[in-house]
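Student: Quick note: the sequence shown uses the working numbering, first residue 3, plus one each step.
For reference, the structure I am asking about is given below.
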Amino acid sequence: MKNLSNRICGRGGFTLVELLVVIVIIGVLAGMLLPAITGVKERGNRLSCASRLKEIHKMAVAYAKDNDDVLPFYDEPKANAPMLLDEQVNTFCRKNYTRNLKVFKCPSRGSPTSLSKEYQYEYNSYFTGRRALRFAQVKNAAGLRLAWDSDKEKQAGFYDPQDNHSEAGGNVVYVDGHVQWWDGKKYRGTEEVNPDRQ
3 MKNLSNRICG RGGFTLVELL VVIVIIGVLA GMLLPAITGV KERGNRLSCA
53 SRLKEIHKMA VAYAKDNDDV LPFYDEPKAN APMLLDEQVN TFCRKNYTRN
103 LKVFKCPSRG SPTSLSKEYQ YEYNSYFTGR RALRFAQVKN AAGLRLAWDS
153 DKEKQAGFYD PQDNHSEAGG NVVYVDGHVQ WWDGKKYRGT EEVNPDRQ
């Protein structure tokens with residue numbers, strides 16, 4: 003009996019094999035949980051992104067109320083393709099519609115790598131000075147895109163930054179103010195910008 007109690011008390015720790023088994027089990031569990039945790043974070047980012055697009059819509063509505071019902075537009079005529087929000091950001095900030103520049107940055111993206119990537123949403127550049135559009139002229143406000151997540155679709159002559167949400171899809175805010183998430187290949191940020199085709 004004395005020998006048995008000495009052996010039990012004398013064992014001070016785990017063997018190397020036992021420690022390795024515990025490390026492997028922890029690694030397997032972490033590998034199973036990490037994608038789920040990352041997925042939850044991305045879903046939260048998508049909701050935050052949708053909220054920011056709604057804020058951009060509210061600024062566009064406020065701008066229109068102050069400017070004879072005209073939607074924000076580009077001063078220089080551009081081709082019928084989406085452009086970064088930089089010109090609208092200047093308009094919104096200069097006229098005090100917001101001072102919070104975070105509204106124009108997608109939470110799914112890291113810090114911008116250059117100034118041209120500073121704002122991570124695109125705006126319907128069909129609205130130019132010579133084609134300024136009033137809310138009342140929009141035939142299908144629920145079907146006409148106002149602004150959306152940047153995607154990797156390239157158009158000749160236009161800078162288009164990386165995807166906000168990788169290949170998963172993107173959020174779109176429409177002229178009526180609703181935001182819709184488009185999955186994967188269904189999401190094409192550069193399509194359907196012409197109000198005449200709605």
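A virtual CB, placed ideally from N, CA and C, is assigned to each residue, including glycine.
Enumerate in chain order the residues of its own chain whose CB-to-CB distance from N173 is below 6 Å, with the five nearest sequence positions on each side excluded.
Tutor: C51, A52, L55, D151, V181, W183.
Student: From what residue to what residue does the beta strand (DSSP E) around Q182 run?
Tutor: Start and end: 181–185.
Student: Drop a sphere of 10 angstroms on the beta-carbon of R48, count the other beta-carbons inside from all chains shown, and report buried for 16 or more, exposed for fewer.
Tutor: Burial call: buried.
Student: Do you know how far the Cα of V175 is from the Cα of Q139?
Tutor: Rounded to whole angstroms, Q139 to V175 spans 18 Å at the Cα level.
Student: Is the CB-CB distance between D71 and R136 below 8 Å?
Tutor: Cβ atoms of D71 and R136: closer than 8 Å.
Student: When the distance is taken between beta carbons, is Y128 closer than 8 Å to A149?
Tutor: Cβ atoms of A149 and Y128: not closer than 8 Å.
Student: Looking at G145 and H59, is the spacing between their C-beta atoms short of 8 Å?
Tutor: Going by C-beta atoms, H59 is not nearer than 8 Å to G145.
Student: Within this structure, are the beta carbons of T93 and P109 separated by less than 8 Å?
Tutor: Not closer than 8 Å, so no.
Student: Ignore the nearest five residues each way along the sequence and tell me which others in V177's own chain have a CB closer than 6 Å to its CB.
Tutor: V140, A143, L146, L148.
Student: Tell me whether R147 sits in a helix, a strand or coil according to DSSP, three-state version.
Tutor: Strand at R147.
Student: According to DSSP, is Y128 part of a helix, a strand, or is it coil?
Tutor: DSSP places Y128 in coil when its eight states are reduced to three.
Student: Opposite N173 in the DSSP bridges: which residues?
Tutor: W183, per the DSSP bridge assignment.
Student: In whole angstroms, what separates the C-alpha of D68 from that of K107?
Tutor: Going by the C-alpha atoms only, they are around 25 Å apart.
Student: Per DSSP, which residues does Y123 bridge with? Please list them.
Tutor: Answer is D151.
Student: Per DSSP, what kind of secondary structure is V140 in: helix, strand or coil?
Tutor: Reduced to three states, the DSSP call for V140 is coil.
Student: To the nearest whole angstrom, what separates the beta carbons of V105 and E57, a pair I think is in contact under 8 Å?
Tutor: With 8 Å as the limit, V105 and E57 qualify as a contact, their Cβ atoms being about 5 Å apart.
Student: From L35 to E44, what distance separates their C-alpha atoms?
Tutor: So the two alpha carbons sit approximately 14 Å from each other.
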